[in-house]
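Participant: Can you keep this structure in mind? I'll have questions shortly.
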Amino acid sequence: MAAELHALRVGALRPNQLLHTYGVGAMADLPNLSVVMLGLDFWNLERSRTVPEERLLAAVRLKLGHQVDSLRLPPYLPETSDPFAEWTRVGVPVGLFPSWVRCSQCNRLGRADGGLFELLKDSVQPDRIRYVHPCSGRGGTRPVAVPARFVLACDEGHLDDFPWLYYAHRGQEPESGHSLKMTERGSTGEAANVFVSCDECGIRKSRPMSDAFGEAAQRSLPACRGRHPHLGTFEPCDRATRTLVLGSTNSWFPLQLRAFTLPHDRNPLDHVIVEFWRQLEPLATLPEATAKQLMPTQTCWPQLEAYGPDRVWHAIRSRATDGVQHQRQSDGLDLLGPEWAALASDNPVNLPDFTTHHEPVPASARSWLDRVVLVSRLREVAALYGFTRIDAPEWEVQDTQDNRRAPLSATEPTWVPCAEMRGEGVFLRFTEESVARWERSAAALHRERDVLLPAHRSWCEQRRLDATRWPGLRYVLLHTFAHMLIRELALDSGYSASGIGERIYARGGDAPMA
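Set out below in structure tokens:
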């Protein structure tokens with residue numbers, strides 16, 4: 074089904090949504106369909122732009138391997154009024170999921186490709202693409218088939234169709250001859266009021282969907298098949314499955330790395346070299362004279378010609394050398410340290426992507442607040458390197474979730490999707506003395522020992538995570554303060570609290586941050 078939908082435009086999403094809400098492996102509800110975003114192996118990168126952000130790329134390589142050579146924005150062309158123009162063929166590939174649908178008129182339940190339902194295409198109005206069932210609808214029209222409401226998932230990131238035949242027949246699938254129906258009783262929509270039955274196999278007693286949730290699910294559901302529908306693959310898995318309602322928020326959580334664009338001395342030529350590095354990298358291994366002769370044959374030469382062959386050659390060699398050094402030094406990569414240094418600097422900065430202005434600290438807060446910096450212009454790049462299901466990743470240090478990370482591609486990825494965000498913010502630096510004093514206080518230590526650490530261990534054990542990765546009291550303090558400040562800013566500014574984010578710099582030792 075995925076291959077058939079590749080040529081059909083079935084909906085529209087904002088580019089940033091493809092990283093934060095509907096990324097690779099996530100399900101998206103369309104007017105008449107439900108789809109899953111396919112893996113990177115299926116993407117066409119012809120209209121995808123490379124984003125130069127070396128610090129972030131190095132961090133992604135540390136997670137996924139040094140074969141990752143670029144960060145890319147999702148393919149995009151501006152929409153026009155021509156329904157047959159090129160923009161209609163540019164986008165992110167999706168596949169139908171779940172593959173089971175239900176007739177909205179007669180409640181017949183079956184696979185979309187099983188012969189019971191027909192796909193109606195509409196190239197002019199893609200939101201009208203739908204499956205229909207040839208039963209008698211109102212006015213003689215064929216009623217629309219809607220996606221089945223339930224799917225299966227496990228905490229290893231696998232996702233699968235709900236086993237309707239297995240479930241309706243209480244653990245036994247018939248060899249042939251079955252006609253499933255899904256009916257609802259009452260108007261609450263609760264699982265206890267949704268029933269599945271088979272009219273043709275002699276099993277006429279309906280089974281409530283409530284058996285697929287809670288303790289009863291352990292006796293009612295099969296083991297996980299290790300399916301990745303976004304990749305079209307299966308792998309061994311011994312985890313228990315859980316029933317999810319279609320569209321539930323715990324079906325997909327992004328694993329992201331983020332980095333601010335910091336002041337640097339890179340010139341515009343370096344940005345072009347990074348953007349087209351996949352083309353230019355082979356030239357770095359050639360003799361200088363040969364490389365210069367081949368430069369005009371590269372498709373990116375129009376963007377480089379103004380700099381001249383000599384400058385382009387030196388930029389290519391510099392990039393190649395930097396890449397080797399990045400690979401050697403990636404184990405010591407620190408995304409937060411350089412950002413802290415730039416934000417806490419005594420000297421304000423005025424650049425297109427990073428502008429800071431120091432404000433005086435209120436007299437009433439000088440005992441605990443050391444610096445207030447307004448950041449009027451800020452560029453942040455976020456990269457998606459995987460995702461989880463069932464449980465969301467915790468805090469900024471996500472190493473503990475990597476053992477449950479679902480992959481973005483069936484092969485080792487050579488690029489990852491990213492998104493650019495521009496905005497503004499405020500940077501607050503606490504006095505180190507006040508933070509250290511609070512960390513040593515009896516009240517804080519007592520709460521850490523008796524409340525926070527036991528809760529943290531219990532949470533980690535339930536999710537098979539490393540309980541020793543405790544972020545520390547300093548992080549708890551700053552995270553709590555950040556969310557209180559976000560609520561206050563939302564009330565005062567009118568912004569939604571969900572539209573305001575925090576970036577926490579919590580580090581002790583010889584180079585403390587708070």
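The sequence shown runs 74 to 587 under this note's numbering.
Heads up, the beta-carbon is just placed ideally off N, CA and C, and yes, glycines get one too.
All of these numbers come straight from a predicted model, not from anything done at the bench.
(1) Please report the straight-line C-alpha distance between F460 and G96, rounded to a whole angstrom.
(2) Beta carbon of W237, beta carbon of V269: below 8 angstroms?
(3) Excluding the five sequence neighbours on either side, which residues of its own chain have a C-beta within less than 8 angstroms of the C-beta of C491, listed in chain order?
(4) Around the Cβ of E229, are there at least 16 other Cβ atoms within 10 angstroms (buried) or fewer (exposed)?
(5) Step through the CB atoms of chain D and report whether any lies within less than 8 angstroms of the CB of T153.
(6) To the nearest angstrom, how far is the alpha carbon of K278 from that of V267?
(7) Which same chain residues, not among the five before or five after S293, have their C-beta less than 7 angstroms away from its C-beta?
(8) Which value, in whole angstroms, describes the spacing of the CA atoms of A221 and R184?
(9) Inspect the beta-carbon positions of I202 and N105 and report whether they are closer than 8 angstroms.
(10) On a CA-only basis, which of A357, S418, W374 is nearest R392? Give me that one, please.
(11) Would you identify the three-state DSSP class for E263, choosing helix, strand or coil?
(12) Let me know the secondary structure DSSP gives P199 once reduced to three states.
(13) Taking the CB atoms as reference points, tell me whether P425 and L335 lie closer together than 8 angstroms.
(14) Assuming contact is defined by CB atoms lying nearer than 8 angstroms, are T487 and D443 in contact in what I supplied?
(15) Could you give the distance in angstroms between the alpha-carbon of S403 and the alpha-carbon of L182?
(16) Just mark F223 as buried or exposed, buried being the case when its beta carbon has 16 or more other beta carbons within 10 Å.
(17) At what residues does the beta strand (DSSP E) containing K136 begin and finish?
(18) Do you know whose CA, among E159, I559, L416, lies nearest G572's CA?
(19) Assuming the contact rule is C-beta atoms closer than 8 angstroms, A579 and P544 should be a hit. Round their C-beta distance to whole Å, please.
(20) From the DSSP output, in three-state form, read off N423 for me.
(21) For E119, which three-state DSSP category applies?
(22) Can you give me the Cβ contacts of S172 inside the same chain, cut-off strictly under 8 angstroms, excluding the 5 residues immediately before and after it?
(23) Beta-carbon within less than 6 angstroms of L550's beta-carbon, same chain only, minus the 5 sequence neighbours each way: which residues are those?
Facilitator: By the coordinates alone:
(1) If you take the alpha carbons of F460 and G96, they lie about 9 angstroms apart.
(2) With respect to V269, W237 sits close: the two C-beta atoms are nearer than 8 angstroms.
(3) Here the set comprises L92, V124, E126, L129, L144, R145, L146, V454, A455, A456, L457.
(4) Residue environment analysis places E229 among the buried positions, since at least 16 neighbouring C-beta atoms fall within 10 angstroms of its C-beta.
(5) Here there is only one protein chain, and chain D is not present.
(6) Cα-Cα distance, rounded: 13 angstroms.
(7) Correct list, in chain order: Y240, D284, A285.
(8) Take the alpha-carbon of A221 and the one of R184: they are about 10 angstroms apart.
(9) Yes. Within cutoff.
(10) Selected option, being the one with the closest Cα: A357.
(11) Assigned with DSSP and collapsed to three states, E263 falls in coil, not helix or strand.
(12) In the three-state reduction of the DSSP assignment, P199 falls in the helix class.
(13) Cβ atoms of P425 and L335: not closer than 8 angstroms.
(14) Contact: no.
(15) Low local confidence applies: a pLDDT of 43 at S403 is under 50, so the model's placement there is unreliable, and no value is given.
(16) Classification of F223: buried, given that the 10 Å Cβ count is 16 or more.
(17) Note, K136: premise wrong, no beta strand (DSSP E); alpha helix (DSSP H) at 127-137.
(18) Among E159, I559, L416, the Cα nearest to that of G572 is on I559.
(19) In this structure A579 touches P544 by the C-beta definition: roughly 7 angstroms separates them, less than 8 angstroms.
(20) Three-state result, N423: strand.
(21) Three-state result, E119: coil.
(22) Once the five neighbours on either side are set aside, the close Cβ partners of S172 are M74, R184, A185, D186, D234.
(23) Same-chain partners within the cutoff: there are none.
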